[in-house]
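The block underneath contains the structure these notes are about, expressed in structure tokens.
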Amino acid sequence: MSLFGRIFLLNALVLVAAANVLVFGPATVSTPALLREVLVLTAGLGVMLIANAVLIRIGLAPLGRLTRAMTTIDLLKPGPRLVAKGHGEIAELITTFNSMIDRLEAERGHSAAMALSAQESERRRIAQELHDEVGQSLTAVLLSLKRVSDQSPPEVREELVQAQETTRSTLDEIRRIARRLRPGVLEELGLVSALKSLTTEISAQTDITVRRSFDKNLPPLDAETELVVYRVAQEGLTNTVRHAAATEIELCLKRRPSHVELRLTDNGRGIGSSPEGAGIRGMRERALLVGAELGVGPAGARGTEVRLVVKAASE
1 MSLFGRIFLL NALVLVAAAN VLVFGPATVS TPALLREVLV LTAGLGVMLI
51 ANAVLIRIGL APLGRLTRAM TTIDLLKPGP RLVAKGHGEI AELITTFNSM
101 IDRLEAERGH SAAMALSAQE SERRRIAQEL HDEVGQSLTA VLLSLKRVSD
151 QSPPEVREEL VQAQETTRST LDEIRRIARR LRPGVLEELG LVSALKSLTT
201 EISAQTDITV RRSFDKNLPP LDAETELVVY RVAQEGLTNT VRHAAATEIE
251 LCLKRRPSHV ELRLTDNGRG IGSSPEGAGI RGMRERALLV GAELGVGPAG
301 ARGTEVRLVV KAASE
């Protein structure tokens, strides 16, 4: 039965019941109406309204669940679909809503995959140009400064040596940026070596103590999943360094039955009730690309925990 038909039937039943009470009941209405009769009619009207409200509320309850789902749903946090309870158009509406969410998640996943693929390609291109073009140019400048410095008088040599050091520092920074844009260690030596290199770099550049642990005999991961794990760890470490005011970070890569778990915890100020920024949402988009589970929340009394669970390649 349609929604209109159900509401009409509920109201009709209440009105028919009230008419039967008036026709076949002992109560009558005088002219003018007596106080007792007015009280009886008022009470009957109140009962009718309450019964009508209760019946309509029961009939429209699934729409309330649908409304709450529509206001709280987040395509980056997939959850269980609504159960298509109700009758007529209500069940059909919930089913249509679930189908719409499925399509939106699929389209968003496809769009995110294309965007992230283009982003990685652009990162590789920029890293290659930094290494080949800018890096080689700075190396040539460094060699020229060294040659000029060797042939210069002592009063000028000190300034040239300082210029060499500045150029060398700039060259090192360019190489560091290129490594972060395109993790060559990941492609050549694998995920564990790339994570070790990443944490070593964080320790060398900051005062944060980084502890790391990696299970032996980790199950194999495909190249795309390894890149997702690396980028999530990279973004988590970057967020900790920039915002957490932490002194310690722990990075773990654990073996689970048919899964691999990345866990990153710190002892910083925590995320509190602040909304998720672009970095965390970017991690969620990457996790969705490989069907991984990502959790970001408090780590005990203080600090933040990032937990990523990915399926092994054999699954």
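Take the sequence shown: its letter number 200 is residue 200 in this note's numbering, and every next letter is one higher. Each residue gets a CB set at the ideal place from its N, CA and C atoms; glycine is no exception. No experiment lies behind these values; they were computed from the predicted model shown.
*asked:* Tell me which residue opens and which closes the alpha helix (DSSP H) that Leu-288 is part of.
replied: Leu-288 -> alpha helix (DSSP H) spans 278–289.
*With DSSP collapsed to three states, give me the class of Gly-135.*
Three-state result, Gly-135: helix.
*In this structure, does DSSP put Glu-315 in helix, strand or coil?*
Reliability of the predicted coordinates at Glu-315 is poor, the pLDDT of 46 falling under 50, and the value obtained from them is presented with this limitation in mind. Three-state DSSP puts Glu-315 in coil, outside helix and strand.
*Contact check, Leu-10 vs Leu-55 under 8 Å by CB: the rounded distance?*
Going by Cβ atoms, the distance from Leu-10 to Leu-55 rounds to 4 Å, so yes, they are a contact pair.
*How would you call Thr-42, buried or exposed, if buried means at least 16 neighbouring beta carbons within 10 angstroms?*
Exposed, since its Cβ has fewer than 16 Cβ neighbours within 10 Å.
*Run the proximity test for Ala-91: is its beta-carbon closer than 7 Å to any non-hydrogen atom belonging to the ligand SAM?*
This structure lacks the ligand SAM, and indeed carries no ligand of any kind.
_Taking 7 Å as the limit between beta carbons, can you name the residues of its chain near Ala-292, skipping five residues before and five after?_
Same-chain partners within the cutoff: Val-228, Leu-308, Val-309 and Val-310.
_Using the three-state DSSP reduction, which class does Ser-152 fall into: helix, strand or coil?_
Coil at Ser-152, not helix or strand.
_Inside the stretch 183–264 only - beta strand (DSSP E) runs reaching at least 3 residues_ = 209–214 and 248–256, all fully within the stretch 183–264.
*Simplified DSSP assignment, three categories, for Pro-62*: In the displayed model, Pro-62 falls within a helix according to three-state DSSP.
*Starting from the Cα of Gly-190, find the closest Cα among Arg-168, Asp-222, Gln-164 and Arg-180 and give me that residue.*
Across the set Arg-168, Asp-222, Gln-164 and Arg-180, the C-alpha of Asp-222 shows the shortest separation from the C-alpha of Gly-190.
*Counting along the chain, where does the beta strand (DSSP E) carrying Gly-295 start and finish?*
Counting along the chain, the beta strand (DSSP E) containing Gly-295 begins and ends at 293–298.
*Under the rule that 16 or more other beta-carbon atoms within 10 Å means buried, what is Leu-104, buried or exposed?*
Exposure of Leu-104 is indicated by the presence of fewer than 16 other C-beta atoms within 10 angstroms of its C-beta.
*Is it the case that the Cβ atoms of Thr-238 and Ile-249 are separated by a distance below 8 Å?*
Between Thr-238 and Ile-249, the C-beta spacing is not below 8 Å.
*Can you pull the DSSP bridge partners for Glu-305?*
Beta-bridge pairing links Glu-305 to Thr-265 and Gly-297.
*asked:* Going by DSSP in three states, Val-83 sits in which element: helix, strand or coil?
replied: In the structure shown, Val-83 sits in coil (DSSP, three-state: anything other than H, G, I, E or B).
*Just to confirm, are Ala-178 and Leu-130 a CB contact at a threshold of 8 Å?*
For Ala-178 and Leu-130, yes; Cβs fall inside 8 Å.
*Buried or exposed: Gly-303, going by 16 or more other Cβ atoms within 10 Å of its Cβ?*
The residue is buried, with at least 16 neighbouring Cβ atoms inside 10 Å.
_Status (buried if at least 16 other CB within 10 Å, exposed otherwise) for Asn-267_ = Its Cβ being crowded by 16 or more others within 10 Å, Asn-267 is buried.
*Compare the beta carbon distance of Val-296 and Ile-280 with 8 Å and say whether it is the shorter of the two.*
By the CB criterion at 8 Å, Val-296 and Ile-280 fall inside the cutoff.
_Taking its Cβ as the centre, do 16 or more other Cβ atoms sit within 10 Å of Arg-284, making it buried, or is it exposed?_
Sixteen is the threshold: when 16 or more other Cβ atoms of the shown chains lie within 10 Å of the Cβ of Arg-284, as they do, the residue is buried.
*Check whether the stretch 156–174 touches the stretch 201–218, counting contact only when three or more Cβ pairs, one atom from each stretch, lie closer than 8 Å.*
No: fewer than three Cβ pairs fall under 8 Å.
*Leaving aside the five residues before and after Ala-127 along the sequence, list all residues of the same chain whose C-beta is less than 6 Å from its C-beta, in chain order.*
Taken in chain order, the residues that qualify are Ala-178, Leu-181 and Arg-182.
*asked:* With the cut-off set at 8 Å, would you say Thr-247 and Ala-299 are in Cβ contact?
replied: No, the pair does not count as a contact, with Cβ atoms beyond the cut-off.
*Could you name the residues that DSSP lists as bridge partners for Val-310?*
DSSP, once it has assigned bridges, lists Val-260 as partnering Val-310.
*Excluding the five sequence neighbours on either side, which residues of its own chain have a C-beta within less than 7 Å of the C-beta of Lys-146, listed in chain order?*
The residues are Gln-164.
_With a threshold of 8 Å on Cβ separation, who are the neighbours of Val-14 within its own chain once the five nearest residues in sequence on each side are excluded?_
So the list reads Met-48, Ala-51, Asn-52 and Leu-55, once near-sequence residues are dropped.
*Backbone CA spacing between Ile-73 and Pro-80 [nearest angstrom]*: For Ile-73 and Pro-80, the distance between alpha carbons rounds to 10 Å.
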